[in-house]
Structure formats: structure tokens, C-alpha cells
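For reference, the structure discussed in these notes is given below.
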Amino acid sequence: MLRFVAARLLQSLIALAIVSVVVFVLARATGDPLYLILPMSASQEDFDNARRYLGLDRPYVEQYLSFVGRAITGDFGVSLRARRPVSELIRERLPNSLKLAAFAMGVSLAMAFPLGIMAAVKKGTGLDRAAQVISVLGQSLPTFWVAILLVEFVAGRLQWLPAGGIAGFSSYVLPGFTLGWFVVAGLMRLLRSGMLEVLDSEYVKLARVKGVAERRVIWLHALRNALIPVVTFAGIYFAILVTTAIVVETVFAWPGIGRLAYEGISSRDFPVIQAVVLTTVVNLCVDCLYAWIDPRIRYAR
Amino acid sequence: MKRATAMARVFLLVLALLGMMAVGTGWAQPKTELTIALSSFATEVLDPPLGGHLVKYYLSMIFDYLVGTTPDGQPSREGGIATRWENSPDFKRWTFHLRKGVKFHNGDELTSEDVKFSIMRNIGKRSTTGYAGPLRTLIQDIETPAPDRVVVVTKEPTLIIPLYLSRSLSTEGMITPKKYIESVGDDVFARKPIGSGPYKFVEQVTGSHITLTAGDNHWRIGTPKYKTMTFRLVPEETTRIALLRRGEVDVVELSRERVKDVEKDGFPIHYRREESILTMWWVLGADGRVPPAKDKRVREALNLALDRAEIAQSIFGGKAEPAAVPLGLSWSFKDVGFKQTPDMMYPYDLPRAKKLMADAGFASGFNQDVYAYQLPGLPEGKTMAEAVAGYWEKLGIKSRLIPVDYPAFRKAWFDRSAPGAVGYFNIANRDWIGAYALLEKQAYSASKPSDTVNDPEIDGMLSQVMRQTDREKINALMRNVYTRLRSEHLGVPVVYLHSPYATSKNLAKWNVGSVMYDLFFDQLASGK
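If you read the sequences in order, they're chains A and B. Under this note's numbering, read the first sequence as residues 54 to 354, first letter to last. Under this note's numbering, read the second sequence as residues 112 to 639, first letter to last.
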């Protein structure tokens with residue numbers, strides 16, 4: 054087991070090293086951030102000064118090695134745009150994304166459970182098809198479009214819920230629903246197929262023969278066993294929710310890690326881009342590793 | 112079936128409860144707060160030398176300028192730390208008399224030492240403001256003969272010092288506290304800035320908001336009307352409008368496209384008329400202008416081939432006016448006495464444009480690259496570039512649209528790696544000194560690489576402006592520069608853009624003003 058974990062860790066480190074090089078090179082390939090930071094009236098001298106102060110005048114190899122050296126200790130450098138330590142920006146933004154992702158996961162589970170169970174129990178009926186349509190819609194409708202519609206009508210016209218920003222529990226509802234609905238389809242299908250498999254198993258048939266109430270069969274015997282893959286994938290989906298919420302965070306003015314990434318990319322803020330990508334890759338690796346080494350999950354696979 | 116229905120009921124009940132909880136919290140805003148929703152905070156740096164122009168929107172409420180400005184951009188003795196200023200006969204010494212009794216938010220008195228420290232810091236080498244470079248070149252020394260007197264000594268005779276250090280330009284003239292910065296350092300100051308303006312800094316959550324709180328009484332605005340002023344960063348326009356409808360914000364930046372919607376709901380719309388000029392230019396080659404745009408007839412033809420009125424109407428929803436002078440910053444026209452007469456307006460004259468092209472030897476047109484990109488405040492950018500390419504196609508010009516982002520074009524422009532290609536920018540309008548500063552970068556050959564004009568006659572005129580100490584002569588030079596830019600067709604001015612802002616229905620009268628990158632919230636917050 055120890056060898057297995059060590060091998061996985063080594064693989065992750067190699068992946069991280071490759072990702073760090075790729076991100077470092079790609080970020081710089083997009084252009085010079087000074088063309089965004091400095092005003093149109095900036096002279097060549099201004100460019101030279103800014104390049105020196107921001108450490109962009111050093112050779113790329115030196116910049117990369119310095120970045121990696123510091124990143125190991127958790128220091129990702131200073132944002133070119135905000136002029137603040139990137140680790141501080143991440144500390145400020147990541148909790149917001151985690152909270153939103155947790156809420157969104159709650160929404161998606163709250164939707165996926167009844168839909169998945171209903172679809173399995175009423176297999177082939179109109180209810181089954183309706184449940185599948187609802188869940189698939191969440192995945193197929195563009196998140197941006199759903200978010201804009203909710204902001205325009207639910208927040209702006211009906212004025213039921215806040216339109217953006219973090220201002221208490223209510224502000225989580227619209228972005229959480231938008232983000233959560235997207236993953237309902239995956240969870241609901243997993244639950245449905247798991248339930249169908251379990252409902253068809255011998256021990257469930259035996260329970261029914263013994264006269265156990267149908268509600269008890271579904272909720273106690275079937276659901277508990279159908280949950281393993283759902284829980285596994287919910288963990289991975291959670292990491293994905295954190296890292297892919299750029300659109301939702303932008304529309305709902307949510308100061309999370311996705312927005313930070315977007316701001317970093319649009320302003321060529323190399324330290325921010327590198328740090329966000331590495332942070333999210335580390336998160337994903339940890340989650341995948343967890344999924345891989347958990348014996349229940351290995352058996353489930 | 113019964114079980115499924117029961118589950119559905121439970122699910123709906125949970126959703127309903129969530130909704131009720133949501134509605135019960137975070138509803139109304141207290142009346143004592145003024146909240147402004149902006150699409151961008153630019154750098155989000157709260158330190159004047161590091162922020163750039165756009166931070167003026169919020170920094171001008173925290174800091175005071177050495178020289179104040181009226182909302183229409185004129186220097187004001189009432190709006191700045193300096194209550195009066197005078198120059199020596201040789202125009203190389205500018206003495207500023209400082210307002211007495213001004214205190215920073217930490218209680219320290221504002222003195223000439225703070226002014227000297229601030230200017231030197233704001234124009235220092237780490238500064239990324241727009242005019243730090245020219246000021247660094249120009250200023251020889253700053254003397255502080257008395258706590259309420261500052262003398263700026265320049266290397267050359269000049270008229271521009273008070274204007275360069277005023278609210279009408281960037282942040283070089285913002286006054287910061289010397290003692291505080293020296294004791295806490297630059298980094299702490301940037302996070303907890305202390306100024307002497309009517310509002311004190313309270314909190315910044317990057318990517319979210321900046322909160323300020325009112326001081327008791329301030330010479331600029333009296334007792335502030337709002338106890339709190341919050342700037343919220345809301346990139347998506349639909350969200351900004353929804354926040355306005357819900358009463359969560361009081362002022363929102365609006366696109367021209369959404370004006371009708373918002374106006375229909377009864378929200379007042381305030382325009383910054385001609386806030387920017389949308390102008391196009393040809394990228395120069397290593398040795399200046401390259402064919403075919405080297406030929407004046409071609410440049411005129413390309414100007415005549417545009418139906419500006421149609422562009423203004425169909426692309427900018429009528430919230431724009433045709434422009435006639437390349438780089439013609441219209442807010443400066445009245446300062447220098449330049450009149451944009453009707454005969455300067457380019458008519459949409461395709462037959463004449465075709466004749467000019469034929470005369471220049473391009474009857475069947477030519478190939479041309481047009482960079483197409485979006486810009487902040489210009490969501491219509493790409494559409495406009497496509498439309499212009501469409502007009503030029505009628506002259507036989509085959510435009511290759513290059514979809515990039517602006518920095519990519521700016522690099523090609525500065526490196527001169529795409530000679531003859533066309534790019535554009537919505538240049539913020541400004542007063543004459545701002546216009547001069549821009550022309551000095553974009554229409555002056557010595558300013559390589561940013562030059563777009565390459566005209567020896569204009570070079571000669573611009574080189575005199577900085578040294579000139581007779582305001583009338585400066586005005587004449589500036590008028591001549593504009594006249595020549597127009598007569599030589601040294602660019603393609605497209606339209607002047609009006610920028611709309613919507614406010615809540617109960618907000619006081621607001622003159623959005625005509626100062627570059629400054630919405631003059633003074634008037635909204637003023638208790639005078």
C-alpha cells in the first residue's frame with residue numbers, strides 16, 4: 054500500500070512539474086502584461102522601469118526557477134496587477150469558492166436524489182423521462198445563459214433573490230443553483246443506474262419476499278448501496294465545481310478563485326495564473342488520489 | 112406513485128424554505144449608503160503611483176489633489192489643496208499656497224513636506240501613472256520654504272505644471288501622508304491608505320468591493336450626505352442592472368445597448384457626452400508611414416468611405432456622434448479655441464472615394480489587415496471593426512480581420528511589426544493638457560514607438576507646446592495641430608461615444624462632469 058501511495062505521489066509531482074512548465078510558458082506566450090498595466094502614454098523608459106520593478110527583465114529560466122523555488126514554500130510571488138502577494142489573494146478568494154461549491158453540491162444532491170430515485174423506481178414511465186430531461190437540461194443549457202436568465206428575472210424583475218455579491222445565505226441561492234444544476238445529470242444517472250442494479254439484486258428481492266415495506270427497501274437497502282459511486286463522484290465533482298466556476302462567479306460578482314483566474318488571464322498576471330492553476334491542479338490531484346486509494350472506491354470501480 | 116409524489120412534495124418544500132430564508136435576508140440598503148457598481152476596478156491598487164488612470168473613480172474620494180478641478184475640467188482654487196498658485200517671470204518656478212488646517216485621516220496635518228513627498232513618490236521610477244515620465248523629465252526640484260508653501264522648480268520654462276498636478280489628469284497630483292508612509296512602508300499603505308479626502312478607507316475585498324466612510328466635515332463637500340460609500344465590482348451588466356432594480360446599488364455603469372431597457376423602467380440616465388473618441392490608425396513601419404496609406408488620397412478615400420452616421424446609429428444605438436478630426440479630443444477644443452466646423456465632417460461619398468483611390472493607383476483596391484478586438488467600455492469594438500471593413504470593401508479593399516486582444520495589437524503597433532495594419536482605440540476624452548499629453552505620445556515622431564502620425568510639421572508644433580509659456584501661442588499651436596491632423600487625414604476618426612450611467616430614482620442631481628476617468632461623486636455626496 055505504501056509503495057502504491059508513493060508511486061501515485063511521484064506521478065502527481067511529475068504532473069505538477071510538467072503543468073508548472075506548461076503554464077509558465079503559455080502565460081508568457083500570450084503577451085506582455087505591461088501593455089495592459091501601463092497607460093497608452095507610457096514611454097519606453099516607463100516600460101523598462103516597470104519591467105525591472107516587476108522582475109520581468111530577468112531571463113525566463115531564472116524567472117521559472119525563482120517561481121518554483123518560492124512556490125514550494127507557498128510563496129507564489131506578487132500579483133502584477135493588484136501588487137499583493139498571490140498567496141494572500143488565494144487565501145482571500147478560495148474560501149468563497151469552496152463555500153459556493155459546497156452549497157452548489159448541496160443543491161445538486163438535493164435535486165439528484167429525488168430525481169434519481171424516482172427515475173429508478175418509476176423506470177420507463179413519464180416520471181423517469183421527466184427526471185432525465187430536468188437533469189440533462191442542467192448539463193446542456195449553457196451556464197452563462199442560465200445565470201443571466203436567473204439574474205434578469207429572478208433577481209432583477211421578480212426581486213426574489215440577490216443578484217450578485219456575497220451578502221448572507223440568500224446570495225448563495227442563484228449561483229449555487231446555476232452551478233449545482235450543471236452536475237445534477239451526472240449524479241442523477243449514477244444514482245439511477247446504481248439503484249436499478251441494486252433493486253434487481255437478490256437481497257432486495259429477498260427483502261421484498263419477506264414482506265419488508267417498499268419504502269424501507271428503497272431507502273434503507275437499495276439507496277445505501279447505490280450511494281458508493283455517487284459519493285465518490287460527488288467528491289470529484291466538488292473539486293471540479295471549485296475550479297470551473299469562472300462563468301458563475303463572473304456573472305454573480307462572486308469574488309472566488311474562478312474570478313481571480315479570469316482576472317489573472319485577462320490582465321496577463323503571470324504569478325496569479327501560475328498560482329491558480331497549480332492550486333487547482335493540486336486540489337484535483339489530491340481528490341483523484343483520494344478516490345484512487347480508497348478501497349471502497351477501488352472495489353466500486 | 113404515492114411515494115414519488117411525497118418525495119416531490121418534500122423537495123418542493125425544501126426549495127420553498129430555501130427561498131423564504133433567502134428573501135428574509137439581505138434585502139434593503141440603508142439610505143445612508145451610496146453604492147456604485149462598476150464593471151472594472153482596473154488594478155485595484157489603492158496607492159496613487161501604482162494604480163493608473165482608472166483608479167481615480169474611487170481614489171479621488173480618499174485623496175485630495177494639489178490642484179482641484181471643476182466638474183467641467185477647469186482648474187479650481189476651491190477643489191484642491193492649493194488655494195492659489197503663481198509662476199516666476201521665467202516660468203521655471205511654480206509656487207503653490209496650501210490650504211491651512213487640512214488634516215489626513217489619521218489626524219496628521221497636511222504640510223508642504225507631504226506635498227513634496229507625494230509628488231516625488233508619484234512620479235518616481237516605480238510609478239505606472241500616465242504622466243510620471245514627462246514630469247520626471249521636467250521637474251528639477253521641489254522646495255518647501257514654509258509649511259503652507261511649495262515651489263516646484265522645472266528645468267525648462269513651462270505652463271503645464273499646475274495642470275499636470277491637477278485632478279484633470281491622472282494621479283500624480285494626489286497628496287499622500289509622508290510620516291505615515293515612511294513609518295508603515297509602501298505595502299501597508301497600499302492596503303490601508305490614508306488620505307485627506309472627504310471619505311476614509313474602511314475595507315477592500317479584492318474582486319468584490321471597496322468601502323469608504325465619511326469624515327465629519329470636509330472643505331470639498333461639507334458634511335457628506337452619505338455615511339458610507341461603497342464601490343462594488345460587478346463585471347456583468349445584467350447583474351449591475353438587477354442590483355439597481357433591487358435598490359442594492361445607486362449608480363451603475365451602463366452600455367449603450369441597455370439604455371432603453373433601463374430608461375423604460377424610470378431610472379434616470381446620465382451621459383458623459385463624448386467621453387471618448389473612437390479613432391482608427393495605420394501602424395507605422397520602421398521608417399514611418401508605409402504604402403498605400405502613405406498616399407494622402409488613400410487616407411482621404413478611406414475616410415470618405417465610412418458612413419459615420421449609420422455607424423453611430425446602428426452600432427452604437429444613436430449614443431454616438433460622427434467624429435471628424437483624427438485624435439481630436441473634443442473636450443480640449445473649447446480650451447484652445449478650436450472649432451470643428453461642418454465642412455470638416457467627412458461626408459459619406461463613395462464615388463469621390465473611388466476616384467481618389469483610382470487617382471492614387473489603387474482602382475482595384477488592396478489588401479489590408481484590420482485588428483479586431485474588444486476594449487473596456489467598448490463592447491461594440493469587434494462589430495465596429497467588421498462594419499468598417501465592410502465599408503472599405505466597397506472600395507475594393509480586402510480587409511483581413513485579425514481577431515486578437517488589445518495587448519496583442521498594442522505590441523504589433525509598438526514593435527512596428529505590422530506596418531500598414533489598422534487598429535483602433537476608444538481614447539478617453541480630456542482637456543487641452545491631457546490632449547497635448549496624448550498627442551505627444553501618439554502624434555509625435557520622437558515618441559517612438561507609440562507614434563501613429565509621423566508628420567514633421569506636427570512634430571515641430573508639438574515640440575513647441577511644452578516650452579511655450581504664452582497660453583495664446585499654445586492654443587494656436589494646438590489648433591494648428593488639429594487642423595493638420597484633419598487636413599492630412601492622419602487617421603480615421605469614427606465617432607465620439609457617449610457613456611451612459613444609470614442611477615436610482617431617488618438620487619440627487621448629478622453632473623457626471625467631463626474630467627478624464629473621474630465621475631465626480633463629490634456632487635452626489637456633497638452636503639453643501
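Note that beta-carbon positions come from the ideal geometry of N, C-alpha and C, so glycine has one too.
- In the structure shown, G333 of chain B adopts extended strand secondary structure according to DSSP, grouped into three states.
- Not flagged as an interface residue toward chain A: A532 of chain B, since no C-beta distance is shorter than 7 Å.
- The Cβ atoms of R302 of chain B and Y106 of chain A do not sit closer than 7 Å to each other.
- The Cβ atoms of K311 of chain B and H216 of chain B lie closer than 7 Å to each other.
- C-alpha of S366 of chain B to C-alpha of P611 of chain B: approximately 7 Å in a straight line.
- Within the same chain, I192, I286, S307, G308 come within 6 Å of D175 of chain B by CB-CB distance, once the 5 residues on both sides are set aside.
- In this structure, N537 of chain B sits near L489 of chain B, with a CB-CB distance shorter than 7 Å.
- Contact of Q116 of chain A with chain B is not assigned, every C-beta pair being separated by 7 Å or more.
- Scanning the region 226-298 of chain B from its first residue to its last, the whole alpha helix (DSSP H) runs of 4-plus residues come out as 243-249, 272-275.
- Boundaries of the beta strand (DSSP E) harbouring G534 of chain B: 533-539, taken from the DSSP string.
- For L354 of chain B, the closest of B:K336, B:K338, B:T339, B:V373 by C-alpha to C-alpha distance is B:V373.
- Below the 7 Å Cβ cutoff, chain B contributes V345, T350, L354 as neighbours of G217 of chain A, in chain order.
- Ranking A:L227, A:L133, A:I143 by CA distance to the CA of F323 of chain A puts A:L133 first.
- Contacts between E98 of chain A and chain B, judged by CB atoms closer than 8 Å, involve G244 in chain order.
- By the rule that beta-carbons nearer than 7 Å mark a contact, E205 of chain A touches chain B.
- By the criterion of a C-beta distance shorter than 6 Å, D406 of chain B is surrounded in its chain by A471, once the five residues flanking it on both sides are discounted.
- Nearest in C-alpha terms to G108 of chain A, of all of A:L87, A:Q97, A:G159, A:P92, is A:L87.
- Residues are counted here when their Cβ sits less than 7 Å from a Cβ of chain B; for the region 184-214 of chain A these are I201, V204, E205, A208, G209, Q212, W213, L214, given in chain order.
- Sixteen is the threshold: when 16 or more other Cβ atoms of the shown chains lie within 10 Å of the Cβ of P346 of chain B, as they do, the residue is buried.
- Distance from V204 of chain A to T350 of chain B at the Cβ level is roughly 5 Å; contact confirmed, criterion being Cβ atoms closer than 8 Å.
- At least one CB of chain A lies nearer than 7 Å to the CB of A519 of chain B.
- Along the region 305-331 of chain A, the positions whose C-beta sits under 9 Å from a C-beta of chain B are F305, A306, W307, P308, G309, R312, L313, Y315, E316, S319, S320, R321, read in chain order.
- Chain-ordered listing is empty here: chain B has no CB closer than 9 Å to the CB of Y113 of chain A, the nearest sitting near 17 Å.
- Fully enclosed alpha helix (DSSP H) runs of no fewer than 4 residues occupy 113-125 of the region 101-155 of chain A, in order along the chain.
- E568 of chain B is bridged by DSSP to nothing; it lacks a bridge partner.
- When DSSP states are grouped into helix, strand and coil, L344 of chain B belongs to the strand group.
- Listed along chain B, the residues sitting closer than 9 Å to D85 of chain A by beta-carbon distance are P518, R521, K522.
- In this structure the region 164-181 of chain B does not touch the region 375-390 of chain B; the number of beta carbon pairs closer than 8 Å is below three.
- Relative to the Cα of G396 of chain B, the nearest Cα in the group B:D581, B:P200, B:D562 belongs to B:D562.
- Around Y117 of chain A, the same chain offers F77 as residues with beta carbons nearer than 6 Å, after the five sequence neighbours per side are excluded.
- DSSP places P160 of chain B in no beta strand (DSSP E) but in the uninterrupted alpha helix (DSSP H) bounded by 159-162.
- F300 of chain B and A287 of chain A have their C-alpha atoms some 44 Å from each other.
- Annotation: Cβ neighbours of P92 of chain A in chain B (cutoff 8 Å, chain order): G163, H164, T239, T240, G241, S281.
- Annotation: the region 419-499 of chain B contains the following complete segments of the alpha helix (DSSP H) (minimum length 4 residues), in chain order: 444-447, 461-470.
- Pairing V313 of chain B with M572 of chain B, the inter-Cα distance amounts to about 47 Å.
- For S229 of chain B, the CB contacts under 6 Å within the same chain, skipping 5 residues up- and downstream, are I286, T287 in chain order.
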